[in-house]
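Residue numbers (the numbering used here), protein chains in the order written: chain A, -10 to 370; chain B, -10 to 370.
There are 2 protein chains.
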Amino acid sequence: MELIKQNFAVNYTYPVLFINSLFEPGKNKFLKIFEELAIADGARFLIVVDSNVAKAQPALIPSIELFFRLHPFNLLASPVLIDGGEVCKNSLSYTESIWQLINKYGVDRHAYLMAIGGGALLDVAGFAASVAHRGIRHIRVPTTVLSQNDSGVGVKNGINYFGKKNFLGCFATPFAVINDSAFLNTLSNRDFRSGIAEAIKVALIKDADFFNYLETNAEALNKRQPAATMYMIKRCAELHLQHIASADPFEQGNSRPLDYGHWSAHKLEQLSNFNVLHGEAVAIGMCLDAVYAFKMGILSSADMHRIINLVKQLGFKIYNKHLDDKDAVQNEVLNGLDEFREHLGGQLTIMLLTTIGIGTEVNCMDNSVLMESITYLKQAN
Amino acid sequence: MELIKQNFAVNYTYPVLFINSLFEPGKNKFLKIFEELAIADGARFLIVVDSNVAKAQPALIPSIELFFRLHPFNLLASPVLIDGGEVCKNSLSYTESIWQLINKYGVDRHAYLMAIGGGALLDVAGFAASVAHRGIRHIRVPTTVLSQNDSGVGVKNGINYFGKKNFLGCFATPFAVINDSAFLNTLSNRDFRSGIAEAIKVALIKDADFFNYLETNAEALNKRQPAATMYMIKRCAELHLQHIASADPFEQGNSRPLDYGHWSAHKLEQLSNFNVLHGEAVAIGMCLDAVYAFKMGILSSADMHRIINLVKQLGFKIYNKHLDDKDAVQNEVLNGLDEFREHLGGQLTIMLLTTIGIGTEVNCMDNSVLMESITYLKQAN
């Protein structure tokens, strides 16, 4: 037997920009971003927009079209509306419609597919872009708290297939991410709050000081005060980005600490037919794993109570009626541990907390203690 | 505007193994490979096999099943046959059938999808594997000269979509490549020869000594002598792997020297409805670009003649009747330059030779000189 060992490294780099009111008249902020990104004159753009965003901001598409009329960049077609939310991830047809646009307008690997929308639309557009011509340039403009502080700045995309969350997808870096805080103004309070769950999560596993900040500023966040919102989003994005860069960017190992509280959350979303928002489900999932960790003697009672209190203070429920159905919980939610393991492969690896800001990994969870923890949450809600 | 610059590197490594008669009785070679690859007891395998290969080697599938019965690895299902050749790249349904298997048998990111077959099947299986669960482990067992010395050892996969070659696909490294020379014995002379075109190509752009070797050993290769065949495959694979590792593995730039002679070859394959094999088309494409380079004063007459002579000596035609149709050539073949540019994006970048072993890149080609070059090939055929 002879052997050649292939070995190489690939460098990945992309900027995450934070700005307010991209299209504020007279300020040319979008142009400054194009300069920052060194986008050449004549560069060709295809833009897809979350239909929910276009509806909430009727001036958005005219502003984009005006920008391209005034500047030497090439908008290949009027921005194309795509249904946002989980619906666009549930059928391959939305991904295919983007491939059709890429084909129709001859979008190549030096042209840009810009996607403006929530996390689900960005997931679909990111997947479509990353496998067309083996990867075309993709600019993400996340429009929700959740996508600006979490998924939108990361390296994953995905769509659901065979009814399984993110069954299809890949790791791919965006060309750039543009976080415009003005988009957050049109979010409902419920959608706004939902995104804060990921900030609690990353604070819990990475940064006790940030957790303190969230405690101190819970009221400001509930009132959607701009300074607290911006700090929360930027710090959350920063911790998320640092984690990706420092550990295992494309998750070749088993560990996935950023999924703290997520294994049950994914299943609760499904159980509720996505009436429970992702962040709402993560809020419950984090509390569930905190109670479980307390019951297993890993986490102190004081820390568990601080976590539950902050989650409640920020307006989340810590229990949902779908958890009343014990059979569904056994079959669907606890079963989520298996699906989580299958998606990641190898040994089940679940992050639990030893204290606020520091996690530890376990390789199995006790079903009866989990059921007790669910009962605890129902009573404490 | 605030900015966080994300920056990280990902290391990629995989072995390419060269072996003869993987399943030779009493030798346990397959087991030794599993040891070399550090595949753990209990590891779960799904295996897809090119139906052409299974037909040519009736003992293959029973040998695989026997291996898994005798050793502590888990074969999830009988090896699944998939139509080989370009047909499996032309419809998403073949890729979907692999996703169905991955779902049905719970193949996760620590299980293995092994694909045994020609380059087309490996492209489909590689694409299916690389976007299922964001990338499951994929072992390639190429069975043709072409896939053993070229595509099978590389980092690309792809399927055709909208009638465009490799419209969907991505860059993804295999877990391992196993090149078993015994598979070559059942190839037709025509298929065997076709794969040698890529060896000529890589010699032309990288290694004058290897070109000399091919000239000296042309008769041995025509007779399919094992020593010459093995050297040709290993050296070609090695040059291919070195190129990937040294330059721009995932082709973020414009340059793609390994596609020397390929821009017209892809179109000639399509024009002939794939009756012209890939290697046969590349042989013509390389000669076309050599004559063109000579006519443009870049390449010497002597070198052009050496290239044409070696291609002929190895039994290739340097012209094909599909090139007689001047309209089709203008509309389909020369149009291939545009599609080539679109796939890669940015500026057209075509590699031409300045001498054997050394290339140079040009950013446009003269249509009338190309037409003259085609006429030259017709006369010299």
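In this text, a Cβ means the ideal position worked out from N, Cα and C, and glycines have one as well.
Given the structure is predicted, the values throughout are model-derived calculations rather than measurements.
Which term fits residue i, buried or exposed, when burial requires 16 or more other beta carbons within 10 angstroms of its beta carbon?
i, result
"VAL76 of chain A", "exposed"
"MET(-10) of chain A", "exposed"
"THR343 of chain B", "exposed"
"ALA109 of chain A", "buried"
"SER357 of chain B", "exposed"
"ALA217 of chain A", "buried"
"GLY286 of chain B", "exposed"
"ASP314 of chain A", "exposed"
"SER82 of chain A", "exposed"
"PHE151 of chain A", "exposed"
"PRO61 of chain A", "exposed"
"ARG123 of chain A", "buried"
"THR162 of chain A", "buried"
"LEU(-8) of chain A", "exposed"
Using a Cβ-Cβ distance cut-off of 9 angstroms, determine whether residue i contacts chain A.
i, result
"HIS267 of chain B", "no"
"TYR408 of chain B", "No answer is possible for residue 408 of chain B: it lies beyond the span of chain B, which begins at -10 and ends at 370."
"HIS122 of chain B", "yes"
"VAL142 of chain B", "yes"
"GLY184 of chain B", "no"
"THR205 of chain B", "no"
"CYS276 of chain B", "no"
"ASN92 of chain B", "yes"
"PHE263 of chain B", "no"
"ILE233 of chain B", "yes"
"LYS145 of chain B", "yes"
"PHE34 of chain B", "no"
With residue i as the anchor, note down where its beta strand (DSSP E) starts and where it stops.
i, result
"TYR3 of chain B", "-9 to 8"
"GLU350 of chain B", "347 to 351"
"HIS122 of chain A", "Careful: HIS122 of chain A lies outside any beta strand (DSSP E) and carries neither H nor E."
"LYS306 of chain B", "Run containing LYS306 of chain B: none; DSSP gives neither H nor E here."
"THR344 of chain B", "339 to 344"
"TYR101 of chain B", "101 to 106"
For residue i, decide whether its Cβ has a neighbour in chain B, counting only Cβ atoms nearer than 9 angstroms.
i, result
"ASN155 of chain A", "yes"
"ARG129 of chain A", "no"
"ALA279 of chain A", "no"
"ALA66 of chain A", "no"
"CYS77 of chain A", "no"
"GLU25 of chain A", "yes"
"GLY325 of chain A", "no"
"GLU(-9) of chain A", "yes"
"LEU288 of chain A", "no"
"ASN0 of chain A", "yes"
"LEU230 of chain A", "yes"
"ASN370 of chain A", "no"
Assuming residue i is part of the alpha helix (DSSP H), what are its boundary residues?
i, result
"PHE283 of chain B", "267 to 284"
"TYR365 of chain A", "356 to 369"
"PHE181 of chain B", "178 to 195"
"VAL37 of chain A", "Looking at the DSSP string, VAL37 of chain A is not in any alpha helix (DSSP H); the run it does join, the beta strand (DSSP E), is 33 to 39."
"ASN155 of chain A", "Not the alpha helix (DSSP H): ASN155 of chain A falls in the beta strand (DSSP E), residues 153 to 157."
"TYR220 of chain B", "215 to 235"
"ALA66 of chain B", "Here ALA66 of chain B belongs to no alpha helix (DSSP H), and DSSP marks it neither H nor E."
"VAL144 of chain A", "Element bounds for VAL144 of chain A: n/a, residue is neither H nor E."
"ILE91 of chain A", "81 to 93"
By Cβ distance below 6 angstroms, which residues in the same chain neighbour residue i in space, the five residues on each side in sequence not counted?
i, result
"ILE363 of chain B", "LEU312"
"PHE329 of chain A", "TRP252"
"ASN12 of chain A", "It is worth fixing the name first, because residue 12 of chain A is Phe in this sequence and not Asn. SER52."
"LEU266 of chain B", "SER183"
Who are the Cβ neighbours of residue i in its own chain at under 7 angstroms, not counting the five residues just before and after it?
i, result
"GLN46 of chain A", "THR175"
"GLN302 of chain B", "ALA207"
"ILE233 of chain A", "GLY143 and VAL144"
"PHE263 of chain B", "GLU75"
"THR84 of chain B", "VAL113, PHE116, ALA117 and ILE148"
"CYS389 of chain B", "For residue 389 of chain B there is no data in the structure shown, the boundaries of chain B being -10 and 370."
Excluding the 5 residues flanking residue i on each side, which residues of the same chain have their C-beta closer than 8 angstroms to its C-beta?
i, result
"LEU20 of chain A", "PHE56 and HIS60"
Q) Closer than 8 angstroms, Cβ to any Cβ of chain A: which residues of the stretch 3 to 14 of chain B, in chain order? A) TYR3, PRO4, VAL5, LEU6, PHE7 and ILE8
Q: Would you list, in chain order, the members of the stretch 301 to 322 of chain B that have their beta-carbon closer than 9 angstroms to a beta-carbon of chain A?
A: none
Q | Interface positions of the stretch 95 to 115 of chain B facing chain A (Cβ-Cβ less than 9 angstroms), listed along the chain | A | GLY95, VAL96, ASP97, ARG98, HIS99 and ALA100
Q | Short-range partners of chain B found in the stretch 244 to 255 of chain A, where Cβ spacing is below 7 angstroms | A | none
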